[in-house]
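Trainee:
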Amino acid sequence: MQNSSTPKDIGQISFGLMEPEEYREMSATKIITADTYDDDGFPIDMGLMDPRLGVIDPGLECKTCGKHSGSCNGHFGHIELAAPVIHVGFTKLIRRLLRGTCRECSKLLLTEDERDEFRDQLDESRKLSRDLNDVTKAAIRQARKKDKCPFCGEIQYDIDHEKPTTYYEVQQVLTSEYSQRIAGAMQGDEEEGIERTTPDELAEKTEIELTRVNEILSGSFRPRESQRKAIEKALDIDLTEEDTNKLMPSDIRDWFENIPDEDIEVLGINPERSRPEWMILTVLPVPPVTARPSITLDNGQRSEDDLTHKLVDIIRINQRFMENREAGAPQLIIEDLWELLQYHVTTFMDNEISGTPPARHRSGRPLKTLSQRLKGKEGRFRGSLSGKRVNFSARTVISPDPTLSLNEVGVPDRVAKEMTQTMNVTERNLQDARRFVSNGPEGHPGANYVRRPDGRRLKVTEKNCEQLAEKVEAGWEVNRHLIDGDIVIFNRQPSLHRMSIMAHEVVVMPYKTFRLNTVVCPPYNADFDGDEMNMHALQNEEARAEARVLMRVQEQMLSPRFGENIIGAIQDHISGMYLLTHDNPRFNETQALDLLRATRIDELPEPSGIDDEGEPFWTGHAVFSELLPDDLDLEFTGTIGDEVVIEDGQLLQGTIAEDEVGEFGGEIVDTITKVYGNTRARIFVNEVSTLAMRAIMHFGFSIGIDDETIPEEAQSRIDETIDDANDRVEELIEAYDNGELESLPGRTIDETLEMKIMQTLSRARDNAGNIADEHFQDDNPAVVMANSGARGSMLNLTQMAGAVGQQAVRGERINRGYEDRTLSHYEPNDLSAEAHGFVENSYTSGLTPREFFFHAMGGREGLVDTAVRTSKSGYLQRRLINALSELETQYDGTVRDTSDTIVQFEFGEDGTSPVKVSSGDDNDIDVEHIASRVLDSEFDSEEEREAFFDSKPRPTNLSEHADDRLTEGTEVTSDD
Amino acid sequence: MVDVSQHELVPEHTVLEDDTLEEVLEEYDIDRTDLPKIQRKDPALPDEAEIGDVIKIVRDSRTTEQAIIYRLVVE
Numbered sequence: 001m002q003n004s005s006t007p008k009d010i011g012q013i014s015f016g017l018m019e020p021e022e023y024r025e026m027s028a029t030k031i032i033t034a035d036t037y038d039d040d041g042f043p044i045d046m047g048l049m050d051p052r053l054g055v056i057d058p059g060l061e062c063k064t065c066g067k068h069s070g071s072c073n074g075h076f077g078h079i080e081l082a083a084p085v086i087h088v089g090f091t092k093l094i095r096r097l098l099r100g101t102c103r104e105c106s107k108l109l110l111t112e113d114e115r116d117e118f119r120d121q122l123d124e125s126r127k128l129s130r131d132l133n134d135v136t137k138a139a140i141r142q143a144r145k146k147d148k149c150p151f152c153g154e155i156q157y158d159i160d161h162e163k164p165t166t167y168y169e170v171q172q173v174l175t176s177e178y179s180q181r182i183a184g185a186m187q188g189d190e191e192e193g194i195e196r197t198t199p200d201e202l203a204e205k206t207e208i209e210l211t212r213v214n215e216i217l218s219g220s221f222r223p224r225e226s227q228r229k230a231i232e233k234a235l236d237i238d239l240t241e242e243d244t245n246k247l248m249p250s251d252i253r254d255w256f257e258n259i260p261d262e263d264i265e266v267l268g269i270n271p272e273r274s275r276p277e278w279m280i281l282t283v284l285p286v287p288p289v290t291a292r293p294s295i296t297l298d299n300g301q302r303s304e305d306d307l308t309h310k311l312v313d314i315i316r317i318n319q320r321f322m323e324n325r326e327a328g329a330p331q332l333i334i335e336d337l338w339e340l341l342q343y344h345v346t347t348f349m350d351n352e353i354s355g356t357p358p359a360r361h362r363s364g365r366p367l368k369t370l371s372q373r374l375k376g377k378e379g380r381f382r383g384s385l386s387g388k389r390v391n392f393s394a395r396t397v398i399s400p401d402p403t404l405s406l407n408e409v410g411v412p413d414r415v416a417k418e419m420t421q422t423m424n425v426t427e428r429n430l431q432d433a434r435r436f437v438s439n440g441p442e443g444h445p446g447a448n449y450v451r452r453p454d455g456r457r458l459k460v461t462e463k464n465c466e467q468l469a470e471k472v473e474a475g476w477e478v479n480r481h482l483i484d485g486d487i488v489i490f491n492r493q494p495s496l497h498r499m500s501i502m503a504h505e506v507v508v509m510p511y512k513t514f515r516l517n518t519v520v521c522p523p524y525n526a527d528f529d530g531d532e533m534n535m536h537a538l539q540n541e542e543a544r545a546e547a548r549v550l551m552r553v554q555e556q557m558l559s560p561r562f563g564e565n566i567i568g569a570i571q572d573h574i575s576g577m578y579l580l581t582h583d584n585p586r587f588n589e590t591q592a593l594d595l596l597r598a599t600r601i602d603e604l605p606e607p608s609g610i611d612d613e614g615e616p617f618w619t620g621h622a623v624f625s626e627l628l629p630d631d632l633d634l635e636f637t638g639t640i641g642d643e644v645v646i647e648d649g650q651l652l653q654g655t656i657a658e659d660e661v662g663e664f665g666g667e668i669v670d671t672i673t674k675v676y677g678n679t680r681a682r683i684f685v686n687e688v689s690t691l692a693m694r695a696i697m698h699f700g701f702s703i704g705i706d707d708e709t710i711p712e713e714a715q716s717r718i719d720e721t722i723d724d725a726n727d728r729v730e731e732l733i734e735a736y737d738n739g740e741l742e743s744l745p746g747r748t749i750d751e752t753l754e755m756k757i758m759q760t761l762s763r764a765r766d767n768a769g770n771i772a773d774e775h776f777q778d779d780n781p782a783v784v785m786a787n788s789g790a791r792g793s794m795l796n797l798t799q800m801a802g803a804v805g806q807q808a809v810r811g812e813r814i815n816r817g818y819e820d821r822t823l824s825h826y827e828p829n830d831l832s833a834e835a836h837g838f839v840e841n842s843y844t845s846g847l848t849p850r851e852f853f854f855h856a857m858g859g860r861e862g863l864v865d866t867a868v869r870t871s872k873s874g875y876l877q878r879r880l881i882n883a884l885s886e887l888e889t890q891y892d893g894t895v896r897d898t899s900d901t902i903v904q905f906e907f908g909e910d911g912t913s914p915v916k917v918s919s920g921d922d923n924d925i926d927v928e929h930i931a932s933r934v935l936d937s938e939f940d941s942e943e944e945r946e947a948f949f950d951s952k953p954r955p956t957n958l959s960e961h962a963d964d965r966l967t968e969g970t971e972v973t974s975d976d
Numbered sequence: 001m002v003d004v005s006q007h008e009l010v011p012e013h014t015v016l017e018d019d020t021l022e023e024v025l026e027e028y029d030i031d032r033t034d035l036p037k038i039q040r041k042d043p044a045l046p047d048e049a050e051i052g053d054v055i056k057i058v059r060d061s062r063t064t065e066q067a068i069i070y071r072l073v074v075e
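Right, dumping it as structure tokens:
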């Protein structure tokens, strides 16, 4: 089974054409009969299923190489075509060569100087790895301009290409109606003022003898080239018509055979590998049967592959062609058959050529021929090579589980029982291995297969599991089920950045969904409205080690996009932290312990104080501080604009909300990740989220319609503002109607009016919002969410409680609908706020039907915009990624592409990773601070520092299970 | 006409001497055609730069003060 041949480097790949002789040489047999199997079901010799072409039935031996099915790759055969046919893949190149070479001597229609120039250009393009096509196209364009061959002097004609595979020479020849046309022109035209011409005058003008002129006029003499031109000039007429002369493939082949090798080189073709005449097929290679296996249906009938069907057609026509030609059939029939042969060979290679009806199966389905196998999304390249289906993968719906760590993923037991990990049995894990096997394939941590040292693979079944367990010894392999702590890869499409694929530790759970901690939603961009995700079980130790060290969620905490944390508290976590820290509430011992119960902290610190009843209390700040590293110092302006101060791991002042612990750059999470490492940051984020959940449950948090309703008094004030605004709009309109409105610089009067109305109305909405705002309590849940940054904004609140405001389409007030008005409810040319989509009502009070309609117009635009934007930007990103995907940072720090061309001399011009560097627009790297902190943490005392850097092992990041040992008693413990 | 090469946002472009060029090519183990390209008509180029020359560009960088880039002048 094991393939012992060493892997080899591919030195180079050269592309070229194949010579007919090469086809014959590699062919295992010539194919002459269109039949496949005889009556007994055996393949016919020299038929399309000839046993020398390879084996597909198991057990049989290949007649060419002697190998069995599976190891024999198959062998090509060949068909000798009765007449040459054009290869569809090269029609454009054939056309170019026909146009660029002489029809007589086949030489390239370029002078020596021109050739040298193009040769030089080619060399340069090759060196700069530019597109050679630009040069060769220019060369052909130049050659086509010549109407005479510079070598043999032959006049060149235009080549017409009728798609897909017919070529014509277009010549200008004397029309058959020449006598009528001359006579007609000699008549003259009185209306146009053209005089009559007599034959005598014509003879004089053209210097042709009068008798000849008369003969020409009677049609009994065809004028020669020079005479024709003279007559045309004299009478100002055109005596030619286009004559098309079809070029048969054999003609083209003869033509190409004579093109000298030097001439081909100028066109960027290597004559040793590819002669142009090889683009015209005389021999057709027959793909091995392994490339077109026939399948046996249930009823015993054989069903052949599309390629085989197509080959049958080709052979049939080929034979008919030969028979007819030998029997001396008329040229017309031969040409028809030739065309038919061309059609079949064409569709054999590509069945989606425009201008040709596709070859169809008996059922009417178009055949899938060679090009269709390769092309497109489901083709060989994109479907089978770049992307294939894999084993050990699972996909199901995701749902949240806040009790998991962010590194973990809940895996349904039924998935865990399918995905296996290979366990190499040794003396040390023999007990475990036996237990797994004895549990069988159905019991959870069980095993599905075992492999004996002799390589034999046995399936573990409910029946044999007990016996098999006893036989397991060191040296066996056991394919055991996934268990807690295993590492797997987890992914959500679209995989737009590297955080879309991260490694998680398994926690096996009941039920059918993958469970994940809500804080990993942002990197995956996941929610739980039915999203599905994929899981891949890793199959070797290298992969598992890499996944653990590089891909685990905690290692992806910082985003390489902006160098700050992408994982942090979200939504309710943020509301919870805000409630816990904003007014710094007090908690008694039970409450404080309850808040911290899901964290590592199991002893409370010294109480923050004693209340009036003599009971000790702990403040929200003190509780939160328990989660911080002991020596954290931080000071910055927080979410709600207050100063957040942390000293020695104690939150002294400030509210914890989005900018402090949130996703996308929460200051505290970011700092902990960069200063204390990913492991500490993971612990912090996990604990913040659990503490926040406890806090929000302690206070209770809900939202209802009453939270967006404002008192009557406020409502009337809002109505007043809006009436006021309406009045002002009316005033503006009046001023406009009276022509008193002065236009703003650079705008028309109409635009000025629109702008002023928009301004007035938007101010009205803001005022309404401010009035509503005044009446909201600070503990209003919607306000809490908006202020803390958990969800929603003040604008949303304004629209719910104050007024929805102006609806806009394309950035303007709504102007569409009927002639001069938006709806038939309004007078034509009504410019008022109401008639152009101003919504006075709030969402709570409800919209009028007309307001609703305008709102729907604005809303529709938003929806269309997002849909268009996402698809556009997605495609743009795809293109960008494809263009950049081959760039690689080399060991010398340069960024190069696959051809070793330098793109950047130093990665990012500074050789640093955004994840590893702590600098932004507003803060440079504080080297001194970092250095002193490193030295401080490195040495406990001055002596030690002098005794020089003792070696302290770096903490590992291998598994959560290892963390407990590590975090106990070291820098990560709590204050007490 | 404005001479853009004098603009403060346009970094310094100088033609590289042959011997220093050799050192650069050796350092990165490349041919000169493997360098990034710059068009001859680029207004930032010094007047004496010719096709085939290599230009050294010294750019200000936020993180490393200066970043040095070499480019091959092409048509």
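Residue numbers (full-length UniProt numbering), protein chains in the order written: chain A, 1 to 976; chain B, 1 to 75.
Beta carbons: idealized from backbone N, C-alpha and C, even for Gly.
1. On the three-pair Cβ rule with 8 Å, is the segment 593-604 of chain A touching the segment 622-629 of chain A?
2. What residues in the UniProt domain "RNA polymerase subunit H/Rpb5 C-terminal" (2-73) of chain B have a beta carbon less than 9 Å from any beta carbon of chain A?
3. Taking all protein chains shown into account, do 16 or more other C-beta atoms lie within 10 angstroms of the C-beta of Ala657 (chain A), making it buried, or fewer, making it exposed?
4. Does the beta-carbon distance from Ile567 (chain A) to Val549 (chain A) come in below 9 Å?
5. On the DSSP bridge assignment, give the partners of residue 986 (chain A) in chain order.
6. Closer than 9 Å by beta-carbon distance: list the chain B residues that pair up with Val903 (chain A), in chain order.
7. In chain order, what residues of the segment 112-136 of chain A put their CB closer than 9 Å to some CB of chain B?
8. Within 10 angstroms of the Cβ of Lys756 (chain A), are there 16 or more other Cβ atoms? Answer buried if so, exposed if not.
9. From the DSSP output, which residues share a beta bridge with Thr308 (chain A)?
10. With a cut-off of 9 Å, does the C-beta of Ser899 (chain A) fall near any C-beta of chain B?
11. Please report whether the beta-carbon of Gly911 (chain A) lies at a distance below 9 Å from any beta-carbon of chain B.
12. Quick test of the definition: if touching needs 3 or more C-beta pairs under 8 Å, does the segment 374-383 of chain A touch the segment 468-484 of chain A?
13. With a CB to CB cut of under 7 Å and the five nearest residues on each side skipped, what residues in its chain are close to Asp313 (chain A)?
14. If contact is defined by three or more beta carbon pairs under 8 Å, each pair taking one atom from either stretch, is the segment 556-566 of chain A in contact with the segment 489-504 of chain A?
15. In chain order, what residues of the same chain lie with their CB nearer than 6 Å to the CB of His444 (chain A), ignoring the 5 residues before and after it?
16. State yes or no: is the beta carbon of Asp305 (chain A) nearer than 9 Å to at least one beta carbon in chain B?
17. Would Gly410 (chain A) and Glu960 (chain A) qualify as a contact pair, given that the criterion is a beta-carbon distance under 9 Å?
18. Thr894 (chain A) touches chain B at which residues, Cβ-Cβ below 8 Å?
19. Classify Ser974 (chain A): buried if its beta carbon has 16 or more other beta carbons within 10 angstroms, exposed otherwise.
20. Scan the segment 857-890 of chain A for residues whose Cβ lies nearer than 8 Å to a Cβ of chain B and list them as they occur along the chain.
21. What does the alpha-carbon distance come out to for the pair Ala547 (chain A) and Ser393 (chain A)?
22. Pick helix, strand or coil for Thr599 (chain A), following the three-state DSSP scheme.
23. Give the straight-line distance between the Cα atoms of Thr396 (chain A) and Asp531 (chain A), rounded to the nearest whole angstrom.
24. Just curious, the beta strand (DSSP E) that His481 (chain A) is in, first and last residue?
25. Where does Leu744 (chain A) land, buried or exposed, given buried means 16+ other C-beta within 10 angstroms?
26. With 16 as the cutoff for other CB atoms within 10 Å, does Thr403 (chain A) come out buried or exposed?
27. When we look at the beta-carbon of Arg878 (chain A) and count the other beta-carbons within 10 Å, is it buried (16 or more) or exposed?
28. Does the beta-carbon of Leu935 (chain A) have 16 or more other beta-carbons within 10 angstroms, so that it is buried, or is it exposed?
29. Report yes or no: do the segment 869-878 of chain A and the segment 840-854 of chain A share at least 3 C-beta pairs separated by less than 8 Å?
30. For Asn540 (chain A), which option in A:Val488, A:Ala569 and A:Glu851 has the closest C-alpha, if you only look at C-alpha atoms?
31. Could you say which of A:Arg680, A:Gly666 and A:Leu831 lies nearest to Leu732 (chain A) if we only look at CA atoms?
32. Label Val381 (chain A) either buried or exposed according to how many other C-beta atoms from any shown protein chain fall within 10 Å of its C-beta, with 16 as the threshold for buried.
33. Name the two residues that bound the continuous beta strand (DSSP E) containing Leu162 (chain A).
Mentor: A quick look at the data gives this:
1. With the cut-off at 8 Å, the segment 593-604 of chain A and the segment 622-629 of chain A touch.
2. Cβ proximity to chain A below 9 Å picks out Glu27, Tyr28, Asp29, Ile30, Asp31, Thr33, Asp34, Leu35, Pro36, Lys37, Arg59, Ser61, Arg62, Thr63, Thr64, Ala67, Ile68, Ile69, Tyr70 and Leu72 from the UniProt domain "RNA polymerase subunit H/Rpb5 C-terminal" (2-73) of chain B.
3. It is buried - the Cβ of Ala657 (chain A) has at least 16 other Cβ atoms within 10 Å.
4. In this structure, Val549 (chain A) does not lie closer than 9 Å to Ile567 (chain A) by Cβ.
5. What is shown of chain A runs 1 to 976, which leaves residue 986 (chain A) out entirely.
6. Here the neighbours are Pro36.
7. The segment 112-136 of chain A vs chain B, Cβ under 9 Å: Glu124, Lys127, Leu128 and Ser129.
8. The residue in question, Lys756 (chain A), is buried, as its Cβ has 16 or more Cβ neighbours within 10 Å.
9. Thr308 (chain A) pairs with nothing; no bridge assigned.
10. Closer than 9 Å to some Cβ of chain B, the Cβ of Ser899 (chain A) qualifies, so yes.
11. Yes, because at least one Cβ of chain B sits closer than 9 Å to the Cβ of Gly911 (chain A).
12. Touching, no, given that fewer than three Cβ pairs across the two stretches are closer than 8 Å.
13. So the list reads His344, once near-sequence residues are dropped.
14. Two segments are said to touch when three or more pairs of C-beta atoms, one from each, lie closer than 8 Å; by this definition the segment 489-504 of chain A touches the segment 556-566 of chain A.
15. Asp413.
16. No, its Cβ sits nowhere closer than 9 Å to a Cβ of chain B.
17. In this structure, Glu960 (chain A) does not lie closer than 9 Å to Gly410 (chain A) by Cβ.
18. Neighbours of Thr894 (chain A) on chain B, chain order: Tyr28.
19. Note that Ser974 (chain A) scores 40 on pLDDT, short of 50, meaning its location in the model is unreliable and no value can be drawn from it.
20. For the segment 857-890 of chain A, there are no residues whose beta carbon sits under 8 Å from a beta carbon of chain B.
21. So the two alpha carbons sit approximately 15 Å from each other.
22. DSSP places Thr599 (chain A) in coil when its eight states are reduced to three.
23. Going from the Cα of Thr396 (chain A) to the Cα of Asp531 (chain A) covers about 8 Å.
24. Element bounds for His481 (chain A): Glu477 to His481.
25. By the 16-neighbour rule on beta-carbons within 10 angstroms, Leu744 (chain A) is exposed.
26. Exposed, by the Cβ-count rule.
27. The residue in question, Arg878 (chain A), is exposed, as its Cβ has fewer than 16 Cβ neighbours within 10 Å.
28. Exposed is the call here.
29. At 8 Å Cβ cutoff, the stretches do not touch.
30. Nearest of A:Val488, A:Ala569 and A:Glu851 to Asn540 (chain A), Cα basis: A:Val488.
31. Looking at the Cα atoms, A:Leu831 is the closest of the given residues.
32. The question names Val, but residue 381 (chain A) in the sequence shown is Phe. Exposed, since its Cβ has fewer than 16 Cβ neighbours within 10 Å.
33. Before going on, a small fix: residue 162 (chain A) reads as Glu here, not Leu. That run of the beta strand (DSSP E) goes Asp158 to Glu162.
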